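A short write-up of the structure that comes next.
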Amino acid sequence: MPVFLNKQAQLSTESANATRLVTSIRWVVEAVNGQLKNWRALKNIIPNDQIPYIGDYIKIVCAILTAFHPARISNIEDDNVIAQRMLNVVKEPNYLEQTVEENGRARKRAMWTLLRDSDLPDFFSRLTWKELQYLTLGIYQLKQSRSYTQERLNQIGAVLSLRK
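Dropping the structure here:
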């Protein structure tokens, strides 16, 4: 189960990693639940006299979703590699956290500045989407990154635009 903050500023590395493992699976389940809730028959509270038929309703809706909507899990081979990496990485120490603590950076307030891709030095890595997925252990964090970045850019009055 995900861990909750108990009067802490943030979770410990171990707790955060355990929560990420749950979240990486749970978000797919919740996405499908959301698709099911888009159907009028499954959107609201179901009357008791319909309980014997709910399994049939769900089977019908799932069959329609499977036939006419893209799959939530598209590349099982990549998913297996990512899952194995997650299980391996969760056991590793957090070197970034150690460096931040040793240098006292946790006490300093971060200042965001506007940076364009043309401002990046040549040695700065430009990653492909696949490399980003491998690095972030899937697409969940990547899907959240746009709103997270936009939130930070709003603090300095900048606008995020993606170049494809």
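Going left to right, the sequence shown walks through residues 1 to 164 as the UniProt record's numbering numbers them. Where a beta carbon is used, it is the ideal one built from N, C-alpha and C, also for glycine. It should be emphasised that the depicted structure is a prediction, and the values quoted were computed from it without experimental measurement.
Please name the residue, chosen from VAL28, ARG107 and THR13, that lies closest to ASP79 on a Cα-to-Cα basis.
Position 79 of the sequence shown, counted from the start, is the residue given in the question as residue 79. Of VAL28, ARG107 and THR13, the residue nearest in Cα terms is VAL28.
Express the C-alpha separation of ASN38 and VAL61 in angstroms, rounding to a whole number.
Counting from 1 along the sequence shown, the entry for residue 61 is found at position 61. Counting from 1 along the sequence shown, the entry for residue 38 is found at position 38. Approximately 10 Å, taken between the alpha carbons.
Can you give me the C-alpha to C-alpha distance between THR69 and ARG20, rounded to a whole angstrom?
On the sequence shown, position 69 is the one that residue 69 refers to. On the sequence shown, position 20 is the one that residue 20 refers to. Before going further, note that residue 69 is His rather than Thr in the sequence given. For HIS69 and ARG20, the distance between alpha carbons rounds to 27 Å.
Between the stretch 50-67 and the stretch 94-111, do three or more beta carbon pairs fall short of 8 Å?
no
Since TYR140 contacts SER24 with CB under 8 Å, what's their CB separation in whole angstroms?
As a first step, residue 140 is located in the sequence shown; it is residue number 140 there, counting from the start. As a first step, residue 24 is located in the sequence shown; it is residue number 24 there, counting from the start. TYR140 to SER24, Cβ: 6 Å. Contact.
Sequence-distant residues of the same chain with beta carbon closer than 7 Å to MET86, five excluded per side
Translated into positions along the sequence shown, residue 86 becomes position 86. So the qualifying residues of the chain are LEU21, SER24 and LEU137.
Beta carbon of ILE58, beta carbon of LEU42: below 9 Å?
Locating residue 58 in the sequence shown gives position 58, where the first residue counts as 1. Locating residue 42 in the sequence shown gives position 42, where the first residue counts as 1. It is a contact, given that the beta carbons lie within the stated cut-off.
Tell me, to the nearest whole angstrom, how far the beta carbon of VAL100 is from that of ARG72; I am working on the premise that it is less than 8 Å.
Along the sequence shown, read from residue 1 onward, the residue named residue 100 stands at position 100. Along the sequence shown, read from residue 1 onward, the residue named residue 72 stands at position 72. Wrong, their Cβ atoms sit about 35 Å apart, outside the cutoff.
Work out the CA separation of LYS91 and LEU142 for me, nearest whole Å.
To locate residue 142, count along the sequence shown from 1; it is residue 142. To locate residue 91, count along the sequence shown from 1; it is residue 91. For LEU142 and LYS91, the distance between alpha carbons rounds to 22 Å.
From the DSSP output, in three-state form, read off residue 166 for me.
Because residue 166 is not part of the residues shown, which for the chain are 1 to 164, the question remains open.
Counting along the chain, where does the alpha helix (DSSP H) carrying TRP129 start and finish?
Mapped onto the sequence shown, residue 129 falls at position 129. From DSSP, the alpha helix (DSSP H) with TRP129 extends over 129-136.
Just checking my contact of LEU135 with LEU127 at CB under 8 Å: how many whole Å lie between their CB atoms?
Numbered from its first residue, the sequence shown carries residue 135 at position 135. Numbered from its first residue, the sequence shown carries residue 127 at position 127. About 7 Å; that satisfies the 8 Å criterion.
Pick from GLU14, ASN17 and GLN133 that is closest to VAL81, judged by C-alpha positions
Against the sequence shown, residue 81 aligns to sequence position 81. The candidate whose alpha carbon is nearest that of VAL81 is GLN133.
Please list the terminal residues of the continuous alpha helix (DSSP H) segment that includes VAL61.
If you number the sequence shown from 1, residue 61 lands on position 61. VAL61 -> alpha helix (DSSP H) spans 54-68.
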